[in-house]
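Counting with the working numbering, you get residues 10 to 397 for the letters of the sequence shown. Using N, Cα and C, we set each Cβ at its ideal position, and we do this for glycine too. To keep things clear, I will list the structure first and then write my remarks on it.
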Amino acid sequence: MLTGRSPSPPSSDRVRPDVAVVGAGPIGLAIAWRCAARGLRVVVHDPAPGSGASAVAAGMLSPVAEAHFGERQLTGLLLASAARWPAFAAELTEATGVEVGYRTEGTLMVGLTGDDLAEARRLWAYQQGLGLPVTPLRPSELRDSEPALAPRVRGGALAPTDHQVDPRLLVPALRTAAQRAGAVLVPQPVRKLSDVDATVTVVAAGCGATALTGLPVRPVKGQILRLRAPDGVAPGFRHVIRGYADGEHVYLVPRADGEVVLGATVEERSDTTVTAGAVQRLLRAGVDLLPELAEYDLVEAVAGLRPGTPDNAPILGPLPDRPDVLVATGHHRHGIVLTPITADLIAELVLGGVPDPMLAPFRADRFGGAAVAASGGPEPSVEGDLWS
Ligand SMILES: Cc1cc2nc3c(=O)[nH]c(=O)nc-3n(C[C@H](O)[C@H](O)[C@H](O)COP(=O)(O)OP(=O)(O)OC[C@H]3O[C@@H](n4cnc5c(N)ncnc54)[C@H](O)[C@@H]3O)c2cc1C
């Protein structure tokens, strides 16, 4: 068990850190913040903080709309983390003075055609069967709640507890909070775990975790667009809109400053090129659902790599046979919504040495076979048996 010290900036390089976090995305920075705020000496290694998947992410906090068949344990974790978001956002704003774009208007799920609506309804029925708040709306109620929707949209349902945050505000705020709490950022990559000198190492490197740990994290490409309402006005809709449009699944996330995020493809590829076909499909589906988008400026087309796992759920906890190395990766489509709970549970594990029962379904050894820890890593130190 690591003991928190009275919070003070980690001083000289000669003092061995309590915790080395590899990766300064939302996951790594939030863990660093939580650990440093508890008085631990924390260093964070990343040559390009915030440059991973979070740099392009939409920021939907959607445990309900993202509740899919066969993913009940993941849904439970998403719900638990989403419930922490209001306090997490408030605490972050208090620590940094920065608003992170946390908005609570809720999410409208819609179907454009009869076939789209039939597909959507199957999922809503599943979500309602789990007891989740999904309220089908009559067409008139749908129009009243979002008049900008195309008249062709056949039907919809409201998920009032699915919210949003702006990852491009969130990640810099987390970095500021972590540094103010005393974490030190080292702008270098970690090439192998044996290069890290700390009592506990936390691998939060997104897709970079595979090279360090051998765990089955793979890049899942997502192309995404950013549009902007003309003349700097706010978009003509308030809800996050998730739609099925002629078989395409898209979402539209409105920001207060006029930006609309329109995403995203899901591709088993590891490049980040933007293709004309993807842009065309996203725009067509987006404009079909919300015709006013045709008048918006197209300001960005970009792609990022989600850290995916074989079962779409994150990997949280000790690396097999390396109890001094914790992993927090594989957040796939959910790294923003899962930031608060990941940070809390991993920081508690670092400090207390005992995994919270919520972590059990997400252990690193669930894929069978030991992960290949980077060769030549140090033997577990005095805390070696705490997480086995
Ligand atoms: C198009 C798209 C849309 C998305 N939309 C949403 C959404 O609406 N809601 C949601 O919850 N999630 C969303 N996501 C997923 C979310 O972005 C990720 O799950 C999340 O960013 C994962 O956070 P992370 O910190 O683990 O990894 P990342 O954000 O990828 O950050 C990893 C960091 O690790 C660093 N790193 C890598 N290797 C090393 C190394 N060897 N040494 C040091 N540093 C290293 C990188 O430089 C990077 O800064 C989306 C993703 C994409 C691509």
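Using a Cβ-Cβ cutoff of less than 6 Å, which residues in the same chain neighbour residue i once the five nearest sequence positions on both sides are dropped?
{"i": "Pro-198", "result": "Pro-56"}
{"i": "Glu-128", "result": "Tyr-253"}
{"i": "Leu-347", "result": "Ser-90 and His-340"}
{"i": "Ala-182", "result": "Leu-101, Thr-105, Val-107 and Val-109"}
{"i": "Pro-323", "result": "Gly-339, His-340 and Phe-371"}
{"i": "Gly-245", "result": "Ala-157 and Glu-301"}
{"i": "Val-65", "result": "Ile-233, Val-311 and Gly-313"}
{"i": "Pro-26", "result": "Arg-50, Val-52 and Ala-207"}
{"i": "Val-288", "result": "Ala-310"}
{"i": "Thr-281", "result": "Ala-312"}
{"i": "Ala-46", "result": "Ala-190"}
{"i": "Leu-325", "result": "Ala-337, Leu-368 and Phe-371"}
Looking at ligand 1, does it come within less than 7 Å of residue i, judged from the CB to the closest heavy atom?
{"i": "Cys-216", "result": "yes"}
{"i": "Ile-40", "result": "no"}
{"i": "His-172", "result": "no"}
{"i": "Pro-26", "result": "no"}
{"i": "Val-193", "result": "no"}
{"i": "Met-367", "result": "no"}
{"i": "Asp-55", "result": "yes"}
{"i": "His-7", "result": "The requested residue 7 does not occur in the structure, where the chain is confined to residues 10 to 397."}
{"i": "Gly-59", "result": "yes"}
{"i": "Val-226", "result": "no"}
{"i": "Leu-86", "result": "no"}
{"i": "Val-199", "result": "yes"}
{"i": "Ile-36", "result": "yes"}
{"i": "Ala-373", "result": "no"}
{"i": "Pro-316", "result": "yes"}
{"i": "Leu-291", "result": "no"}
{"i": "Ser-149", "result": "no"}
{"i": "Ser-90", "result": "no"}
{"i": "Ile-233", "result": "yes"}
{"i": "Ser-63", "result": "yes"}
{"i": "Ala-413", "result": "Residue coverage of the chain in this structure runs from 10 to 397, which leaves residue 413 outside it and unanswerable."}
{"i": "Val-288", "result": "no"}
{"i": "Leu-83", "result": "no"}
{"i": "Arg-50", "result": "no"}
For residue i, which three-state DSSP category applies?
{"i": "Arg-147", "result": "coil"}
{"i": "Glu-268", "result": "strand"}
{"i": "Glu-309", "result": "strand"}
{"i": "Glu-5", "result": "For the chain, the structure presents residues 10 to 397; residue 5 sits outside this window and is missing."}
{"i": "Ile-345", "result": "coil"}
{"i": "Val-199", "result": "coil"}
{"i": "Arg-93", "result": "helix"}
{"i": "Pro-181", "result": "helix"}
{"i": "Thr-318", "result": "coil"}
{"i": "Val-4", "result": "Past the boundaries of the shown model lies residue 4; the chain is included only from 10 to 397, so the question cannot be answered."}
{"i": "Leu-101", "result": "helix"}
{"i": "Pro-366", "result": "helix"}
{"i": "Pro-332", "result": "strand"}
{"i": "Gly-123", "result": "helix"}
{"i": "Glu-114", "result": "coil"}
{"i": "Glu-276", "result": "strand"}
{"i": "Val-212", "result": "strand"}
{"i": "Thr-219", "result": "helix"}
{"i": "Ala-168", "result": "strand"}
{"i": "Gly-231", "result": "strand"}
{"i": "Ala-254", "result": "strand"}
{"i": "Arg-237", "result": "strand"}
{"i": "Gly-326", "result": "strand"}
{"i": "Thr-338", "result": "strand"}
{"i": "Val-30", "result": "strand"}
Got a sec? Which residues, its chain only, sit under 7 Å from residue i by beta carbon, not counting five neighbours each side?
{"i": "Leu-126", "result": "Gly-120, Arg-163 and Gly-164"}
{"i": "Ala-186", "result": "Trp-42, Leu-101, Ala-104 and Thr-105"}
{"i": "Gly-295", "result": "Val-259, Leu-261, Leu-271 and Leu-302"}
{"i": "Arg-227", "result": "Gly-317"}
{"i": "His-77", "result": "none"}
Give every residue of the same chain whose Cβ lies closer than 8 Å to the Cβ of residue i, excluding the five residues on either side of it in the sequence, and list them in chain order.
{"i": "Val-205", "result": "Ala-29, Val-31, His-54 and Val-199"}
{"i": "Ala-265", "result": "Gly-110, Arg-112 and Ala-243"}
{"i": "Gly-385", "result": "No answer about Gly-385 holds up, because its pLDDT of 33 lies below 50 and its placement is not dependable."}
{"i": "Ala-98", "result": "Val-109, Tyr-111 and Val-174"}
{"i": "Asp-394", "result": "Note on Asp-394: pLDDT 25, under 50, position unreliable in the model; the coordinate value appears next. Correct list, in chain order: Pro-332."}
{"i": "Leu-221", "result": "Val-31, Val-199, Lys-201, Leu-202, Val-212, Ala-214 and Ala-383"}
Can residue i be considered in contact with ligand 2, in the sense that its beta carbon sits closer than 7 Å to one or more heavy atoms?
{"i": "Pro-95", "result": "Absence of ligand 2 is noted for the structure shown, with ligand 1 being the only ligands found."}
State whether the stretch 161–173 contacts the stretch 141–149, with contact taken as three or more CB pairs (one from each stretch) at a distance under 8 Å. yes
Counting Cβ pairs closer than 8 Å, one from the stretch 320–339 and one from the stretch 258–266, do we hit at least three? no
Please determine if the stretch 347–359 and the stretch 39–49 are in contact, where contact requires at least 3 C-beta pairs separated by less than 8 Å. yes
Can at least three beta-carbon pairs, one atom from the stretch 312–326 and one from the stretch 269–284, be found at a separation below 8 Å? yes
Can at least three beta-carbon pairs, one atom from the stretch 105–116 and one from the stretch 240–258, be found at a separation below 8 Å? Because the criterion of three Cβ pairs below 8 Å is met, the stretch 105–116 and the stretch 240–258 touch.
Decide if the stretch 228–244 is in contact with the stretch 264–271; the criterion is three or more beta carbon pairs, one per stretch, under 8 Å apart. yes
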